[in-house]
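Data block below; observations after.
Protein chains: 4
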Amino acid sequence: MNAEVGFIGLGNMGLPMAAALLEAGLTVTVFNRTAAKAEPLLVKGAKRAASAAEAATAGGIVVTMVADDTALESLTIGDHGLAARLGKGGIHLSMSTVSPSISRKLAEYHAQRGSTYVAAPVFGRPERAQAHQLWIVISGAPAAKARVRPLLDAMGRQTFDLGEDPGAANVLKLVGNFMIVSAIEAISEGLALAEKSGLDRAAVAAMLSSTLLACPLYQGYFNTIVKRAFEPAGFKMQLGLKDVELVLRLGSETRVPVPMASMVRDRALANLARGRADLDWSAIALGALEDAGIKIS
Amino acid sequence: MNAEVGFIGLGNMGLPMAAALLEAGLTVTVFNRTAAKAEPLLVKGAKRAASAAEAATAGGIVVTMVADDTALESLTIGDHGLAARLGKGGIHLSMSTVSPSISRKLAEYHAQRGSTYVAAPVFGRPERAQAHQLWIVISGAPAAKARVRPLLDAMGRQTFDLGEDPGAANVLKLVGNFMIVSAIEAISEGLALAEKSGLDRAAVAAMLSSTLLACPLYQGYFNTIVKRAFEPAGFKMQLGLKDVELVLRLGSETRVPVPMASMVRDRALANLARGRADLDWSAIALGALEDAGIKIS
Amino acid sequence: MNAEVGFIGLGNMGLPMAAALLEAGLTVTVFNRTAAKAEPLLVKGAKRAASAAEAATAGGIVVTMVADDTALESLTIGDHGLAARLGKGGIHLSMSTVSPSISRKLAEYHAQRGSTYVAAPVFGRPERAQAHQLWIVISGAPAAKARVRPLLDAMGRQTFDLGEDPGAANVLKLVGNFMIVSAIEAISEGLALAEKSGLDRAAVAAMLSSTLLACPLYQGYFNTIVKRAFEPAGFKMQLGLKDVELVLRLGSETRVPVPMASMVRDRALANLARGRADLDWSAIALGALEDAGIKIS
Amino acid sequence: MNAEVGFIGLGNMGLPMAAALLEAGLTVTVFNRTAAKAEPLLVKGAKRAASAAEAATAGGIVVTMVADDTALESLTIGDHGLAARLGKGGIHLSMSTVSPSISRKLAEYHAQRGSTYVAAPVFGRPERAQAHQLWIVISGAPAAKARVRPLLDAMGRQTFDLGEDPGAANVLKLVGNFMIVSAIEAISEGLALAEKSGLDRAAVAAMLSSTLLACPLYQGYFNTIVKRAFEPAGFKMQLGLKDVELVLRLGSETRVPVPMASMVRDRALANLARGRADLDWSAIALGALEDAGIKIS
Chain A
29 MNAEVGFIGL GNMGLPMAAA LLEAGLTVTV FNRTAAKAEP LLVKGAKRAA
79 SAAEAATAGG IVVTMVADDT ALESLTIGDH GLAARLGKGG IHLSMSTVSP
129 SISRKLAEYH AQRGSTYVAA PVFGRPERAQ AHQLWIVISG APAAKARVRP
179 LLDAMGRQTF DLGEDPGAAN VLKLVGNFMI VSAIEAISEG LALAEKSGLD
229 RAAVAAMLSS TLLACPLYQG YFNTIVKRAF EPAGFKMQLG LKDVELVLRL
279 GSETRVPVPM ASMVRDRALA NLARGRADLD WSAIALGALE DAGIKIS
Chain B
29 MNAEVGFIGL GNMGLPMAAA LLEAGLTVTV FNRTAAKAEP LLVKGAKRAA
79 SAAEAATAGG IVVTMVADDT ALESLTIGDH GLAARLGKGG IHLSMSTVSP
129 SISRKLAEYH AQRGSTYVAA PVFGRPERAQ AHQLWIVISG APAAKARVRP
179 LLDAMGRQTF DLGEDPGAAN VLKLVGNFMI VSAIEAISEG LALAEKSGLD
229 RAAVAAMLSS TLLACPLYQG YFNTIVKRAF EPAGFKMQLG LKDVELVLRL
279 GSETRVPVPM ASMVRDRALA NLARGRADLD WSAIALGALE DAGIKIS
Chain C
29 MNAEVGFIGL GNMGLPMAAA LLEAGLTVTV FNRTAAKAEP LLVKGAKRAA
79 SAAEAATAGG IVVTMVADDT ALESLTIGDH GLAARLGKGG IHLSMSTVSP
129 SISRKLAEYH AQRGSTYVAA PVFGRPERAQ AHQLWIVISG APAAKARVRP
179 LLDAMGRQTF DLGEDPGAAN VLKLVGNFMI VSAIEAISEG LALAEKSGLD
229 RAAVAAMLSS TLLACPLYQG YFNTIVKRAF EPAGFKMQLG LKDVELVLRL
279 GSETRVPVPM ASMVRDRALA NLARGRADLD WSAIALGALE DAGIKIS
Chain D
29 MNAEVGFIGL GNMGLPMAAA LLEAGLTVTV FNRTAAKAEP LLVKGAKRAA
79 SAAEAATAGG IVVTMVADDT ALESLTIGDH GLAARLGKGG IHLSMSTVSP
129 SISRKLAEYH AQRGSTYVAA PVFGRPERAQ AHQLWIVISG APAAKARVRP
179 LLDAMGRQTF DLGEDPGAAN VLKLVGNFMI VSAIEAISEG LALAEKSGLD
229 RAAVAAMLSS TLLACPLYQG YFNTIVKRAF EPAGFKMQLG LKDVELVLRL
279 GSETRVPVPM ASMVRDRALA NLARGRADLD WSAIALGALE DAGIKIS
C-alpha cells in the first residue's frame with residue numbers, strides 16, 4: 029500500500045486517525061487550520077500541505093475530519109475546493125459527523141466532477157482512535173469503498189457497510205450518538221432517583237453495569253457520572269448539542285419525531301445556560317441532579 | 029439445608045423460582061390463588077398450602093412473589109396475615125416488584141410482631157429464572173439476609189446487598205426497570221429514524237448491538253423490535269406501565285422529576301389506547317413507528 | 029329558602045362559600061377540623077357541629093369542601109359517615125377537587141343507602157368565592173341537582189350542568205385546572221425566552237395579554253410571573269401538584285396520554301425539590317427561568 | 029399621505045395588507061412571484077413592478093411579507109437587492125415572521141448602505157388583515173419607525189413598540205406564536221381526556237371558553253377542534269412547524285430550553301408523517317385524539 033493520501037482536520041480524533049495511516053505505511057499530506065497541531069505527524073513523516081486544497085491530489089484520496097456541515101461544504105465546493113482538486117477518479121473520504129443531507133449533496137457535487145464522495149463517520153473516543161480501534165460505518169459507491177478499505181483497516185477495528193446511499197452512514201452515526209446520549213440521560217435520572225432515595229450511587233452503578241447493562245458504554249458513563257468526573261471533557265457538551273440538533277434536523281426532514289432527542293436537547297440547553305459548554309457532555313447529569321435538589325459539591 | 033420454606037405466588041416468575049428451591053433440596057410449601065398452577069411443583073415434591081397464610085410457619089421463612097403493593101399488603105397484615113403467622117423469628121422474603129414505601133411500611137409492621145421483612149426483588153425474564161440465573165438485589169436486617177442466603181443462591185446467579193433500608197432494594201429494582209424501558213424507547217425512536225431515512229433496520233441493529241451496545245439487554249430488544257416479535261409477551265405492556273408508574277410515584281414522593289419515565293408512560297398509554305395491553309412491553313415501539321408514519325404490516 | 033344545610037371544610041375556599049350560604053339566609057351548621065376557623069361564621073349565625081357527621085342531618089343537604097379523595101372518602105363511608113347520617117332523601121354536595129373515580133364510587137355508596145351524591149367542584153380563587161362569583165360545574169342525579177340549585181346560586185356566578193355521571197363534573201374540573209397550569213408553563217417559557225433575548229418582560233406581557241390573550245387568566249398570571257409575586261400563595265404549588273397528579277391518574281385510568289401534564293408535573297417536582305412548596309403554583313416559572321440561566325433576585 | 033410604497037409578497041396576508049395601504053390613499057407598487065396574485069390590487073390602482081427590486085425606489089419605503097429567512101435574505105442583499113435599491117434614506121419594513129437573527133443581520137447590512145431595516149411582524153389571520161385589525165409589533169431605529177407609522181395605522185389596529193433592537197419584534201412574534209400553539213396543544217389534550225371520560229366535548233369547550241378562557245384565541249380554537257374543522261386551513265400545519273422551529277432555534281442560540289415547543293414540534297411531526305401538511309395547524313389535535321384511542325370519523 030503506497031498510495032498518497034491527504035488528511036484535513038487534526039483535532040482530537042483526526043490526529044490519531046492520521047497517525048494510524050502513517051503507521052500503516054501510507055504517505056500522508058496533512059492540513060490543519062492551526063498549523064502547530066500537525067507537528068507530531070511531521071515528526072512521523074507526514075508532509076504538510078500549504079492549504080486544505082493542496083492536501084488533495086488529482087485522482088487521489090483525501091480524508092476530511094472537520095467540525096460540521098458548513099466547514100465540510102466550504103472545503104469541498106468551489107473552484108479551489110477538494111472536488112475540483114481531486115477531479116476524475118479522486119475520492120473524498122468524509123469521516124466527520126455531519127448531516128446525511130450534506131453528504132448526499134456533496135456526493136452529487138463530486139459526481140458531476142468525476143470524483144467520488146464516501147461517507148465514513150466513526151464511533152469511539154480519542155483513546156480508541158489512538159489504539160486504531162474505531163468502529164467505522166461507511167456508505168457510498170462500491171468501487172470507492174473498496175479503494176479506501178486499507179485506510180479504514182488502518183484506523184479502525186471494524187467497518188460496517190450501509191450500502192450506496194452516501195447519507196446512510198451519517199444516519200447511522202447520528203442514530204448511534206442519539207442512543208449514547210439517551211443512555212446518559214437515563215443514567216442521570218436513574219442515579220438522581222436512587223441517590224435522593226438514600227442509596228449509595230456507586231453501589232447502584234456497580235450493580236447495573238455488571239449485570240443488565242454490562243457494556244462498555246454504560247460502564248464508562250456510570251463511572252463518569254458517579255464520580256462527577258466531567259473534566260477534562262472527552263467530548264464537549266457543546267459538540268454533543270450539535271449532534272443532537274443534527275438528529276432533530278434529520279427527524280424534521282424525514283418527518284420522524286424523536287422525543288428523547290428533544291428532551292436531551294432541552295436538558296443540554298439548561299446546562300449550557302449554566303456555563304457548562306466545556307464540560308464533557310455527560311455533565312448533562314448535573315441538570316438532573318439539580319432538578320432533584322441534590323447538592324453538587 | 030433442610031429448612032421449611034413457604035412460597036406464595038406461582039406466576040411466570042414465581043413458578044421457576046419455587047422450583048429452584050425444591051431442586052436445592054428445600055422443603056417447600058406453595059400457594060397460588062389459581063391452584064392448578066401449583067401442579068408442576070407438587071410433582072417435584074412441593075406441599076400445597078390451603079391458604080396463603082398456611083404457607084407461613086411460626087419462625088419460618090415465607091417467600092412472596094405477587095402482583096403489586098395491594099396484593100402484598102393484604103397478604104401480610106391482619107390477624108391471619110403472614111406477619112401474624114410467622115411471628116417471632118420468622119422472615120418474610122418479599123421478591124415482588126413493589127414500591128419502596130410498602131416495603132418500609134411492612135418492615136415496620138413485621139418488626140412490631142417480632143418477624144423480619146427482607147426485600148429481594150429480582151432482575152431477569154422467566155428463562156433466566158428457569159436457569160437459576162436471576163440477579164437479585166436485597167436489603168433489610170443483616171441477620172435475616174444471612175439466613176435467606178441459601179434460598180437466593182438457589183434461585184439466582186448473584187445477589188447484591190443494598191444495606192439495611194428495607195426499601196433500598198426496591199428502589200434499585202425500579203431504577204433498573206426504568207433503565208430498561210428507557211433503552212427500549214431509545215431503540216424504538218432510533219430505528220424509526222433509521223428506517224424512515226431508508227436504512228435497513230436489521231443492519232442498524234446488528235451494528236449497534238455488536239459494538240457500542242454489546243450487552244444482552246440491547247441485543248435482545250433490538251432483535252425483538254427489528255422483528256416486531258411482540259407475542260408471546262415476555263413481560264406484558266400492562267405490567268410495564270405499572271412499573272413505570274411506581275418509578276414516577278417514587279419520584280413524586282422524593283421530589284425527583286424523571287422526565288424519561290414520564291415520556292415512556294405517555295408512550296405506553298398511547299399504545300394501550302390502541303389495544304396492546306397483552307403484547308410485550310417492547311411493543312411501545314409500535315407507537316414510535318406510527319408517529320413516524322411507518323406502515324406496520 | 030329555609031332549609032338546613034351542613035358545611036364541612038372551612039379552608040380558603042370553604043369559608044367564603046359557607047358565608048355565602050349564610051348570607052343567602054340559609055341555616056348552616058359548620059364543621060372544620062381546626063375549630064377556630066369556624067369563628068367568623070359563628071358570628072354570622074352559623075351553628076357549630078361537634079363532629080363532621082353531625083353536620084349532616086337525616087334527609088338534609090351536606091356540603092363538603094375538603095382536601096382530597098382520602099379525606100372525602102373517610103368522611104363519607106362507615107357507620108358514622110355522612111351517607112349513614114343523611115340516609116333516605118339526603119344529599120351530599122361534594123364541591124372539592126377530587127378524582128372522578130372517587131365521585132363515582134361514593135355516588136354508588138350513597139345510592140345504596142338512599143342518599144344522593146352530587147359532584148359540584150368550583151373554579152375561582154378565594155377572592156372570587158368571597159364575591160359569590162365562582163363558576164360551578166355539576167353532575168349527578170337530576171332531582172338532587174335541582175334541590176341544591178339555590179345553594180349554587182348563592183355561592184357562584186354560573187353553574188354548568190354536565191349530566192348524570194357523578195364523575196363528569198370532576199373530569200371537567202381537572203381538565204380546567206390542566207388548562208390553567210399549561211398556560212402558566214407556556215407563559216413561563218415564553219417570558220424566559222423573551223427576557224434572555226433582551227426584551228423587557230413587562231412589555232411582552234402587556235402586549236400579549238391585551239391582544240391575543242386578553243382573558244383574566246392570562247392577565248393574572250402574566251402579571252404574577254412578570255413581578256415574581258409568588259407570595260402569598262393564592263394556590264400553593266403543593267396543591268397544584270396534587271391536581272396535576274389527579275389529571276395524570278385519570279389519563280392512566282382512561283388510557284389517555286396527557287404529555288403537557290407530565291411535563292408540568294416534572295417541572296413542579298423540580299421546583300418542590302428546591303423548597304418551593306408554599307409558593308403560589310405559578311412559581312413553577314422559577315424553574316423555567318433557572319433553566320434559561322436567568323438570575324432571580 | 030402620498031408617499032410611494034413598494035410591497036413584495038402577496039400571499040394570504042400580504043394581499044389584504046397591501047390593499048389596506050391602497051385604501052389609505054398610498055401609491056403602492058406591488059410584486060409577487062406568481063404575478064396573477066397582483067390582479068385584485070391592480071384593479072384598485074396598484075402599479076406592478078417587473079421585479080422585486082423594482083418595487084423599491086431610492087429613499088422610499090418597501091414592505092416585505094415573504095415566506096422565510098431565506099426568501100427575505102435573498103431579496104435584500106446583493107447588487108440588485110432591496111438594500112442597494114433603497115439606498116440612503118430608504119426603509120425596509122420587514123413584516124414577515126422570520127428569525128431575530130436574520131433581522132439583526134439585515135439591519136446591519138442596510139445600515140452599511142444608508143438604508144434602514146425595521147422589523148414589524150403581525151398577529152392575526154387573513155380575516156383580521158382584511159379588516160385592517162392586525163396587531164403589529166415593531167422594533168428598529170426610531171426615525172424609521174416614525175416614518176412608517178401611517179402604513180402601520182392603515183394595516184393594523186394597534187402597534188406595539190419593542191425598542192431599537194431590530195430583532196426584538198421578531199422575538200415577540202415568535203413568543204406569541206409559541207403561546208398560541210401551546211394553547212392548541214393544551215386544548216387538544218384536554219378535550220381528548222374529557223371525551224375519553226365520556227363527556228360531551230362541545231359542552232366542555234362551551235364552559236371553558238365562556239369562563240376561564242374567555243378570549244378569542246381559545247374560543248376560536250376550541251370551536252375548530254370540537255368541530256374538527258381543519259379545512260380550509262387558516263394557517264397550514266407546515267407553516268406552523270416552521271414557526272415552532274424558529275422558536276427552538278432562538279432557544280438554542282440564546283440557551284433557553286423551551287420544552288413545550290419541543291413537544292409541539294414532535295406532535296406536529298407525527299401529524300405531518302400522517303400526511304396532514306395542508307390542514308390547519310390546529311389539526312395537531314388529531315394526534316392527541318389518536319393517542320387516546322379516539323376514532324376520528
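Protein chains in written order, with our numbering: chain A, 29 to 325; chain B, 29 to 325; chain C, 29 to 325; chain D, 29 to 325.
Glycine residues also receive a C-beta, built at the ideal position from the N, C-alpha and C atoms.
Spatial neighbours of residue 36 (chain A) in its chain, beta-carbon cut-off 6 angstroms, leaving aside the 5 residues before and after: By 1-based counting over the first sequence, the position of residue 36 (chain A) is 8. So the list reads 59, 80, 83, 92, once near-sequence residues are dropped.
Quick one, which residues of the region 292-304 of chain D are near chain A if we go by CB-CB under 8 angstroms, in chain order? Per Cβ criterion, the list reads 293, 294, 295, 297, 298, 300, 301.
Where residue 172 (chain D) and residue 119 (chain D) are concerned, what is the direct C-alpha to C-alpha distance, given to the nearest angstrom? For this step, residue 172 (chain D) is matched to residue 144 along the fourth sequence. For this step, residue 119 (chain D) is matched to residue 91 along the fourth sequence. Going from the Cα of residue 172 (chain D) to the Cα of residue 119 (chain D) covers about 7 angstroms.
Could you name the residues that DSSP lists as bridge partners for residue 189 (chain D)? In the fourth sequence, the residue the question calls residue 189 (chain D) occupies position 161. In DSSP, residue 189 (chain D) forms a bridge with D:166.
Taking the alpha-carbon of residue 275 (chain B) as reference, which of B:283, B:202, B:281 has the nearest alpha-carbon? Counting from one through the second sequence, the residue named residue 275 (chain B) turns up at place 247. That would be B:202, whose Cα lies nearest to the Cα of residue 275 (chain B).
With distance defined between alpha-carbon atoms, name the residue in C:94, C:249, C:302 nearest to residue 285 (chain B). Locating residue 285 (chain B) in the second sequence gives position 257, where the first residue counts as 1. Answer by Cα proximity: C:302.
Taking 8 angstroms as the threshold (beta carbon to beta carbon), is residue 83 (chain C) in contact with chain A? By one-based count along the third sequence, residue 83 (chain C) stands at place 55. Contact with chain A is absent for residue 83 (chain C), since none of that chain's Cβ atoms lies less than 8 angstroms from the residue's Cβ.
Select from A:153, A:154, A:264, A:165 the residue whose C-alpha is nearest the C-alpha of residue 146 (chain A). Translated into the one-based positions of the first sequence, residue 146 (chain A) becomes position 118. Cα-wise, what sits closest to residue 146 (chain A) is A:165.
Going by DSSP, name the residue or residues bridged to residue 151 (chain B). Position 123 of the second sequence, counted from the start, is the residue given in the question as residue 151 (chain B). Answer is B:163, bridged to residue 151 (chain B).
Beta-carbon within less than 6 angstroms of residue 292 (chain A)'s beta-carbon, same chain only, minus the 5 sequence neighbours each way: which residues are those? Here residue 292 (chain A) refers to the residue found at position 264 when the first sequence is read from its first residue. Answer for residue 292 (chain A): 209, 213, 272, listed in chain order.
Tell me, please, whether the region 128-135 of chain D touches the region 185-198 of chain D by the rule of three or more beta-carbon pairs shorter than 8 angstroms. Contact between the region 128-135 of chain D and the region 185-198 of chain D is present, because at least three Cβ pairs lie under 8 angstroms.
Residue 268 (chain C) and residue 236 (chain D) look like a contact to me (Cβ under 8 angstroms); what is the Cβ gap, rounded to whole Å? To locate residue 268 (chain C), count along the third sequence from 1; it is residue 240. To locate residue 236 (chain D), count along the fourth sequence from 1; it is residue 208. Contact between residue 268 (chain C) and residue 236 (chain D) is ruled out by a C-beta separation of about 18 angstroms, above the 8 angstroms threshold.
Terminal residues of the beta strand (DSSP E) in which residue 120 (chain C) lies: Against the third sequence, residue 120 (chain C) aligns to sequence position 92. Looking at the DSSP string, the run of the beta strand (DSSP E) that includes residue 120 (chain C) is 119-122.
So what's residue 308 (chain A) in DSSP terms, helix, strand or just coil? Here residue 308 (chain A) corresponds to residue number 280 of the first sequence, with the count starting at 1. Residue state, collapsed to three classes: strand.
Is the number of C-beta pairs between the region 217-234 of chain A and the region 179-198 of chain B that are closer than 8 angstroms three or more? Taking a contact to require three or more Cβ pairs closer than 8 angstroms, the region 217-234 of chain A and the region 179-198 of chain B qualify as touching.
Rounded separation between residue 168 (chain C) and residue 42 (chain C) - CA only: Along the third sequence, one-based indexing puts residue 168 (chain C) at 140. Along the third sequence, one-based indexing puts residue 42 (chain C) at 14. Pairing residue 168 (chain C) with residue 42 (chain C), the inter-Cα distance amounts to about 21 angstroms.
Rounded to whole angstroms, how far is the Cβ of residue 50 (chain A) from the Cβ of residue 72 (chain A), which I believe are closer than 8 angstroms? Residue mapping note: residue 50 (chain A) aligns to position 22 of the first sequence, counting from 1. Residue mapping note: residue 72 (chain A) aligns to position 44 of the first sequence, counting from 1. Your pair residue 50 (chain A) and residue 72 (chain A) checks out as a contact, with CB atoms roughly 5 angstroms apart and the cut at 8 angstroms.
Supposed contact pair residue 32 (chain B) and residue 57 (chain B) - C-beta distance, whole angstroms, cut 8 angstroms: On the second sequence, position 29 is the one that residue 57 (chain B) refers to. On the second sequence, position 4 is the one that residue 32 (chain B) refers to. Right, the Cβ-Cβ distance comes to about 7 angstroms (below 8 angstroms), so this counts as a contact.
State yes or no: is the beta carbon of residue 319 (chain A) nearer than 8 angstroms to at least one beta carbon in chain C? For the purposes of this step, residue 319 (chain A) is taken as residue 291 along the first sequence, with counting starting at 1. Taking 8 angstroms as the threshold, the shortest C-beta distance from residue 319 (chain A) to chain C falls below it.
I'd like to check one pair, residue 69 (chain B) with residue 47 (chain B): are the Cβ atoms closer than 8 angstroms? Position 19 of the second sequence holds residue 47 (chain B). Position 41 of the second sequence holds residue 69 (chain B). Closer than 8 angstroms, so yes.
What residues from the region 31-50 of chain B come within 8 angstroms of chain A, judged by C-beta to C-beta, listed N to C? From the region 31-50 of chain B, no residue has a Cβ closer than 8 angstroms to chain A.
When you compare the CB of residue 102 (chain D) with every CB in chain A, is at least one pair closer than 8 angstroms? On the fourth sequence, position 74 is the one that residue 102 (chain D) refers to. For residue 102 (chain D), the answer is no, since every Cβ of chain A falls outside 8 angstroms of its Cβ.
Those runs of the alpha helix (DSSP H) which lie wholly inside the region 211-249 of chain A and span at least 4 residues: Along the region 211-249 of chain A, the alpha helix (DSSP H) occurs as fully enclosed runs of 4 or more residues at 229-238, listed in sequence order.
For residue 34 (chain A), the three-state DSSP class (helix, strand or coil): For the purposes of this step, residue 34 (chain A) is identified with residue 6 of the first sequence, where counting begins at 1. The answer is strand: DSSP assigns residue 34 (chain A) an E or B state.
How should residue 53 (chain C) be labelled, buried or exposed, when 16 other C-beta atoms within 10 angstroms of its C-beta is the threshold for buried? Along the third sequence, one-based indexing puts residue 53 (chain C) at 25. Exposed, since its Cβ has fewer than 16 Cβ neighbours within 10 Å.
Beta-carbon contacts of residue 162 (chain C) that lie in its chain and below 6 angstroms, excluding the five residues immediately before and after: As a working note, residue 162 (chain C) is residue 134 in the third sequence. Closer than 6 angstroms at Cβ, skipping near neighbours: 150, 152, 156, 183, 184.
For residue 230 (chain D), decide whether its Cβ has a neighbour in chain C, counting only Cβ atoms nearer than 8 angstroms. As a position in the fourth sequence, residue 230 (chain D) is number 202, starting the count at 1. Answer no: the Cβ-Cβ gap between residue 230 (chain D) and chain C never drops below 8 angstroms.
With 8 angstroms as the limit, tell me which residues of the region 159-191 of chain D have their beta carbon closer than that to any beta carbon of chain G; keep them in chain order. Protein chains A, B, C and D are contained in the structure displayed, whereas chain G is not.
For the alpha helix (DSSP H) that residue 327 (chain A) lies in, which residues bound it at each end? Since the first residue of chain A shown is 29 and the last is 325, residue 327 (chain A) is not available in this structure.
I'd like to know whether the C-beta atoms of residue 253 (chain D) and residue 310 (chain D) end up nearer to each other than 8 angstroms. Within the fourth sequence, residue 253 (chain D) is the residue found at index 225, counting from 1. Within the fourth sequence, residue 310 (chain D) is the residue found at index 282, counting from 1. Taking 8 angstroms as the cut-off, the Cβ atoms of residue 253 (chain D) and residue 310 (chain D) count as close.
Proximity winner among A:225, A:266, A:224, relative to residue 300 (chain A) (alpha-carbon distances): For the purposes of this step, residue 300 (chain A) is taken as the residue at position 272 of the first sequence. When only C-alpha atoms are compared, the closest one is A:266.
Got a sec: is the Cβ-Cβ distance from residue 244 (chain B) to anything in chain C below 8 angstroms? By one-based count along the second sequence, residue 244 (chain B) stands at place 216. Not one chain C Cβ lies under 8 angstroms of residue 244 (chain B).
What does the alpha-carbon distance come out to for the pair residue 96 (chain A) and residue 103 (chain A)? Counting from 1 along the first sequence, the entry for residue 96 (chain A) is found at position 68. Counting from 1 along the first sequence, the entry for residue 103 (chain A) is found at position 75. Roughly 11 angstroms separates the two Cα atoms.
For the alpha helix (DSSP H) containing residue 62 (chain A), name the first residue and the last one. Within the first sequence, residue 62 (chain A) is the residue found at index 34, counting from 1. No alpha helix (DSSP H) contains residue 62 (chain A), which DSSP labels as neither H nor E.
CA nearest to the CA of residue 251 (chain C), picked from C:117, C:281, C:105, C:219: As a working note, residue 251 (chain C) is residue 223 in the third sequence. The residue with the shortest Cα to Cα distance from residue 251 (chain C) is C:219.
Confirm, please, whether the CB-CB distance from residue 243 (chain B) to residue 159 (chain A) is below 8 angstroms. For this step, residue 159 (chain A) is matched to residue 131 along the first sequence. For this step, residue 243 (chain B) is matched to residue 215 along the second sequence. The answer is no: Cβ separation not under 8 angstroms.
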